[in-house]
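In this note's numbering, the protein residues as written are -3 to 701.
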């Protein structure tokens, strides 16, 4: 990422409602006459696509993103026929279900549609949510500034049938606080479910490959800290070998056991399956969904690998998916079902039972390695989405380690890695078998599918202005399939399905509490910001001693001064000769930084303070020298002297929020206990911003909200 560009910015848009806040002369000064200010600049300099690079990235996709979906043949059929094969033709119906689920959901929905619904090259639940927020004023996260309108695609359109529908939906969302909050809750639920999937993936994939592999997998638990670029090149040959193996085994089984299994491409067998088996066929959908595990992973993992390439990586994903992943997986499923047509008693171990003896041990070794690799895919995805959530104020502060100097999106989060490891061990010890684990996994996958479809329909209506017939067709086909599958997995709620919902409840409550406290603190500072007149009085107060140096005062506000500044001055009556109010904000867009307010997109990394200080001071001097004259030269000289004799000191406020007297007991429970506990057990802001502690001065203040 380029060095941050520090530009002046107009006043901040009121949050949540403009009439609730007062403006002052400081707001107007931000729109002052000094110079012509540059508008936000998006990172749009993408590499020129060439087929060599496309194919190289397609190869890396195999190693990074396809492990989970690629190893799903290990555990899908036991989930479908957990009670055994009761009728020979049931296998045809199940295979037809698997075929059309993979084609409709994995290929059409995710590889073709969802990859196109990205936010400047970034995918995932939060990316879809942020994309909607830029086309409609539904955002609850307090990061709306006046210049964010330049990032927004919100505009008035000429009347038409599609535009009327888009405007109606957008208006309904914008005018309903309940619906806006519901959108945020659903986005957080999707993120929570995805993190929960990071728990079940290692358990079910490794245990399905072999029961005694714990000692092998334990040595690879920290693989992802080396970065997905190296991981992609290291793991791709192993997974490519795995795909070749399962494709060959599947092709052999089709020819050897029942070539007629190819009839399963006829959806008629789905109808006869349901008419014959009724409830059993509906219950088996909870197992069918396991063939789709990991479908949405490469939306997250690949964005971490190819973040700087934007839309460029989509072509690579589509090529590797259509040429390697889906053909191999489908061949193996057809082969397993061909085997089960004659050996229905082996349904609970259909994968290994269908492998020819000559290939058994080589395939066993490759399966173990592929399962270990697959167990890492969602862990990497979890790192990516947690980083997004932290940047947008929706997740407690955690340490984010950037593992690559080449690609911005490659991150490692130690706290999440440890948390997933501990819960993964507990789940493995608690369930002990893959059937209940599969029920839990299916619940997570089905919920994420439905949430993604909801956001996708909103994107189709409000952003793409898709023809209503196509939207209805999507809802009646893919949407209906996902809803029916969701109803099926809820049938297995008691047999393991409750666990992902419990995990999502805990994770979601944590995220909502953090977000609630974050907004309350921000709103208090906005309502009680210091006016320009008060700031002028402080600066010229003779009782306040001025010392050499540059003071960087961190604040959440863009316009006005946070009340903690006056609290600081009243307790420490000394100010540096040059004082810069610094706001670092994340906005719902993937990559963006611009002047005066240093804004980071949710996928950008923080820079070392030495380079940041140099950039900040250089841009400050450029801004001052924009106006010629002795006054501008005197100000630049003042800054140079302050840097030379006093250096840079960081001033940071720590605002603690408490409920005001008479608050509702639920609010007191959330703010005074849960949120307070979270703030004491997360990373400090100075650690997140990599501020040198020897030059850091903190001041605390309590806000009553």
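Using N, Cα and C, we set each Cβ at its ideal position, and we do this for glycine too.
Once DSSP output is grouped into helix, strand and coil, what is the label at residue i?
i, result
"residue 542", "strand"
"residue 102", "helix"
"residue 536", "coil"
"residue 579", "strand"
"residue 553", "coil"
"residue 667", "helix"
"residue 686", "coil"
"residue 694", "strand"
"residue 463", "coil"
"residue 37", "Any answer about residue 37 is weak, because its pLDDT of 34 lies below 50 and its placement is not dependable; what the coordinates show is given next. Three-state DSSP puts residue 37 in coil, outside helix and strand."
"residue 647", "strand"
"residue 322", "helix"
"residue 627", "helix"
"residue 527", "coil"
"residue 253", "helix"
"residue 132", "coil"
"residue 71", "coil"
"residue 362", "helix"
"residue 260", "helix"
"residue 573", "strand"
"residue 407", "strand"
"residue 83", "coil"
"residue 680", "coil"
"residue 434", "helix"
"residue 397", "strand"
Excluding sequence positions up to five away, which residues of its chain have a Cβ less than 8 angstroms from the Cβ of residue i?
i, result
"residue 691", "643, 644, 645, 646"
"residue 474", "100, 101, 104, 105, 449"
"residue 259", "88, 265"
Whose CA, out of the options, lies closest to the CA of residue i?
i, options, result
"residue 81", "453, 342, 519", "342"
"residue 87", "339, 452, 533, 570", "339"
"residue 126", "379, 556, 418, 454", "454"
"residue 462", "78, 161, 67", "161"
"residue 164", "136, 132, 189", "132"
"residue 568", "263, 694, 188", "694"
"residue 194", "538, 90, 440", "440"
"residue 519", "551, 530, 191", "551"
"residue 631", "179, 686, 574", "574"
"residue 236", "494, 540, 55, 627", "55"
"residue 517", "534, 559, 290", "559"
"residue 658", "701, 479, 93", "701"
"residue 576", "553, 547, 699, 425", "547"
"residue 639", "617, 544, 629", "544"
Which residues in the same chain have their Cβ closer than 7 angstroms to the Cβ of residue i, if we skip the five residues on either side of it in sequence?
i, result
"residue 491", "432, 435"
"residue 209", "Note that residue 209 scores 39 on pLDDT, short of 50, meaning its location in the model is unreliable and no value can be drawn from it."
"residue 696", "650, 652"
"residue 609", "644"
"residue 40", "Below a pLDDT of 50, predicted positions are generally treated as unreliable, and residue 40, at 37, falls in that range; the measurement from the model is reported next regardless. Correct list: empty, nothing qualifies."
Could you name the residues of the same chain whose beta carbon sits closer than 6 angstroms to that of residue i, not counting the 5 residues immediately before and after it, in chain order?
i, result
"residue 346", "73, 332, 336"
"residue 275", "none"
"residue 111", "310"
"residue 374", "193, 194, 197, 293"
"residue 249", "331, 334, 335, 350"
Rounded to the nearest angstrom, what separates residue i and residue j at their Cα positions?
i, j, result
"residue 70", "residue 320", "18 angstroms"
"residue 466", "residue 361", "46 angstroms"
"residue 667", "residue 487", "36 angstroms"
"residue 747", "residue 273", "Residue coverage of the chain in this structure runs from -3 to 701, which leaves residue 747 outside it and unanswerable."
"residue 410", "residue 671", "22 angstroms"
"residue 503", "residue 188", "6 angstroms"
"residue 218", "residue 174", "Its pLDDT being 45, under 50, residue 218 is placed unreliably by the model, and the measurement read from it follows with that caveat. Their Cα atoms are separated by approximately 42 angstroms."
"residue 352", "residue 287", "22 angstroms"
"residue 381", "residue 416", "14 angstroms"
"residue 537", "residue 621", "28 angstroms"
"residue 199", "residue 424", "6 angstroms"
"residue 284", "residue 97", "8 angstroms"
"residue 75", "residue 442", "15 angstroms"
"residue 386", "residue 130", "19 angstroms"
"residue 289", "residue 484", "16 angstroms"
"residue 344", "residue 268", "23 angstroms"
query = Curious, which full-length alpha helix (DSSP H) runs of at least 4 residues does the segment 454 to 517 contain?
reply = Here the runs fully enclosed are 464 to 470, 476 to 487.
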